[in-house]
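Undergrad:
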Amino acid sequence: MNKLFVQNLTVIDFSYFDASRGILGESWIVDIELEGELDEQGMVFDFGHVKKQIKEIIDQELDHRFALSVHLKNLHVEKTQRKVRLAWDSQFGHFEHESPRDAVVLLEAKTINPKTVAKYLESVIKPALPENVTRVSLHLYEEQIDGAYYHYSHGLKKHLGNCQRIVHGHRSRIEIYENHQRCSDLEDYWSACFRNIYLGTADDIQNETDIDGKPHTTFAYTAQQGRFKLTLPTKRVYIIDTDSTVELIAAHIANKCAEKKPNNHYLVKAYEGVGKGAIAERSSNLKR
112 MNKLFVQNLT VIDFSYFDAS RGILGESWIV DIELEGELDE QGMVFDFGHV KKQIKEIIDQ
172 ELDHRFALSV HLKNLHVEKT QRKVRLAWDS QFGHFEHESP RDAVVLLEAK TINPKTVAKY
232 LESVIKPALP ENVTRVSLHL YEEQIDGAYY HYSHGLKKHL GNCQRIVHGH RSRIEIYENH
292 QRCSDLEDYW SACFRNIYLG TADDIQNETD IDGKPHTTFA YTAQQGRFKL TLPTKRVYII
352 DTDSTVELIA AHIANKCAEK KPNNHYLVKA YEGVGKGAIA ERSSNLKR
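In terms of the numbering used here, the sequence shown opens at residue 112 and continues consecutively.
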């Protein structure tokens, strides 16, 4: 039997609910193998079609979406033709999520992890391929990061693409240079600040209230795709005064560093998922 493979086909940036960690922003790299008979071109499948057709399926099914298991304890789901509302209680507190249906994917797997998500994606990719392709195998995995990193989820209401969805996320490395020297203490500090959090914009706060004795925050906005709303425990939230683009995240971190030591020079290299991000510099002789 013949096989072809593509490494680093794409990166899936999405969020899912983990019972032990809460809403978790993730970035999983995708490798793929296709097995089958050779076609009239002497190919299992054209590489160009792998990179376009299969990537499009993966993007449509999972990228920039919020994934939950249908077996999540206490999960209540309400669907209309265009919208979905989710509500559930967990050890962290109460959660509610409202959005257009395309912003959410409900999976039959009892737990969401690279293996169960790969199995799901294989099941939707295989029917779209030619008959000579007999097997699809995906390998999903996290980027190897030796230093500090964090998981965050967010939504960008002004974005015209799928970044506007209120819960999607990233697993991102962080590099901070203080006076041109790498500063692991600051990197560890910000890694802790952004660990498994929802990065919310102050202007998007609809209300703050106690539910079962715990503070909760509700974010809501209307974007091009529709109305989005999220309620979650305040303890799982980090608020910034701006939108949460990676450029503004880098600027926020650099500003906070410079506030404490204004005479120092800071360079922040904030990643958004794998291999991309933004750089912000701050010092007494640099304009913001």
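Backbone N, C-alpha and C define an ideal beta-carbon position, used for all residues, glycine too. The structure presented is a predicted model; accordingly, all values stated were derived computationally and were not measured.
Just to check my reading of the structure: N113 and V155 have Cβ atoms closer than 8 Å, yes? What is that Cβ distance to the nearest angstrom?
TA: For the purposes of this step, residue 113 is identified with residue 2 of the sequence shown, where counting begins at 1. For the purposes of this step, residue 155 is identified with residue 44 of the sequence shown, where counting begins at 1. About 5 Å; that satisfies the 8 Å criterion.
Undergrad: Do L378 and Y288 have their CB atoms nearer than 8 Å?
TA: Translated into positions along the sequence shown, residue 378 becomes position 267. Translated into positions along the sequence shown, residue 288 becomes position 177. Their beta carbons are under 8 Å apart, which means L378 touches Y288 by this criterion.
Undergrad: Can you check DSSP and say which residues form a bridge with R246?
TA: Here the question's residue 246 lines up with position 135 in the sequence shown. Paired residue(s): E146.
Undergrad: Have a look at K371, Y382, K346 and flag the residue whose alpha-carbon is nearest the alpha-carbon of R132.
TA: Counting from one through the sequence shown, the residue named residue 132 turns up at place 21. Comparing Cα-Cα distances from R132 to each of K371, Y382, K346, the minimum goes to K346.
Undergrad: DSSP beta-bridge partners for P344?
TA: By 1-based counting over the sequence shown, the position of residue 344 is 233. Answer is H327.
Undergrad: Just to check my reading of the structure: E144 and S248 have Cβ atoms closer than 8 Å, yes? What is that Cβ distance to the nearest angstrom?
TA: In the sequence shown, the residue the question calls residue 144 occupies position 33. In the sequence shown, the residue the question calls residue 248 occupies position 137. With a Cβ gap of about 4 Å, E144 and S248 count as contacting.
Undergrad: Note down, in chain order, each residue of its chain lying with its Cβ closer than 7 Å to the Cβ of Y332, except the 5 sequence neighbours on either side.
TA: Numbered from 1 along the sequence shown, position 221 holds the residue referred to as residue 332. Hits under 7 Å: K268, D315, F339.
Undergrad: Looking at the strands, I want to know which residues DSSP matches up with R284.
TA: On the sequence shown, residue 284 is found 173 positions in, with the first residue counted as 1. R284 is bridged to Y260.
Undergrad: Quick check: S355 and H265, are their CB atoms within less than 8 Å of each other?
TA: Numbered from 1 along the sequence shown, position 244 holds the residue referred to as residue 355. Numbered from 1 along the sequence shown, position 154 holds the residue referred to as residue 265. Yes, they are a contact pair.
Undergrad: Could you name the residues of the same chain whose beta carbon sits closer than 6 Å to that of Y382, not counting the 5 residues immediately before and after it, in chain order?
TA: As a first step, residue 382 must be located in the sequence shown, where it is residue number 271. These residues qualify, in order along the chain: S283, R284, G388.
Undergrad: Please confirm if the region 237 to 253 is in contact with the region 188 to 195, defined as three or more CB-CB distances below 8 Å between the two stretches.
TA: The answer is no - the region 188 to 195 does not touch the region 237 to 253, with fewer than three Cβ pairs under 8 Å.
Undergrad: Return yes when the Cβ of V278 is within less than 8 Å of the Cβ of L449, no when it is not.
TA: Because the chain in this structure spans residues 112 to 399, residue 449 falls outside the shown range and cannot be described.
Undergrad: When the Cα of E286 is compared with those of E219, C368, V228, H208, which residue comes out closest?
TA: Walking along the sequence shown from the start, residue 286 turns up at place 175. For E286, the nearest C-alpha among the options comes from C368.
Undergrad: What are the start and end residues of the alpha helix (DSSP H) that includes L359?
TA: Stepping through the sequence shown from its first residue, residue 359 is reached at position 248. Note, L359: alpha helix (DSSP H), 357 to 371.
Undergrad: Determine the contact status of V117 and D142, defining contact as a CB-CB distance below 8 Å.
TA: In the sequence shown, the residue the question calls residue 117 occupies position 6. In the sequence shown, the residue the question calls residue 142 occupies position 31. A contact, by the Cβ cut-off of 8 Å.
Undergrad: For a quick check, are the C-beta atoms of H175 and F125 less than 8 Å apart?
TA: In the sequence shown, counting from the first residue as 1, residue 175 sits at position 64. In the sequence shown, counting from the first residue as 1, residue 125 sits at position 14. Result yes, Cβ atoms of H175 and F125 sit closer than 8 Å.
Undergrad: Using DSSP with H/G/I as helix, E/B as strand and the rest coil, what is H175?
TA: Stepping through the sequence shown from its first residue, residue 175 is reached at position 64. Coil.
Undergrad: Looking at the strands, I want to know which residues DSSP matches up with Q292.
TA: Position 181 of the sequence shown, counted from the start, is the residue given in the question as residue 292. Partner(s): E289.
Undergrad: On the three-state DSSP scale, how would you describe L197?
TA: Residue numbering aside, residue 197 sits at position 86 when the sequence shown is read from its first letter. Three-state DSSP puts L197 in a strand.
Undergrad: Might you give, ordered along the chain, the residues of its own chain that have their beta carbon closer than 7 Å to the beta carbon of I236, omitting 5 neighbours on each side?
TA: Looking up residue 236 in the sequence shown gives position 125. Result list for I236: I165, I168, V247, in chain order.
Undergrad: Which first and last residues belong to the beta strand (DSSP E) in which S210 is found?
TA: Taking the first residue of the sequence shown as position 1, residue 210 is located at position 99. Its beta strand (DSSP E) spans residues 204 to 211.
Undergrad: What span of residues does the beta strand (DSSP E) with V117 cover, start to end?
TA: Counting from one through the sequence shown, the residue named residue 117 turns up at place 6. Per DSSP, V117 belongs to the beta strand (DSSP E) from 113 to 129.
Undergrad: Would a C-beta distance cut-off of 8 Å place Y309 and I134 closer than the cut-off?
TA: Within the sequence shown, residue 309 is the residue found at index 198, counting from 1. Within the sequence shown, residue 134 is the residue found at index 23, counting from 1. The answer is yes: Cβ separation under 8 Å.
Undergrad: For W301, I'd like the list of residues in its chain whose CB is within less than 8 Å of its CB, leaving aside the five on either flank, ordered along the chain.
TA: If you number the sequence shown from 1, residue 301 lands on position 190. Once the five neighbours on either side are set aside, the close Cβ partners of W301 are A259, Y261, I285, I287, I364.
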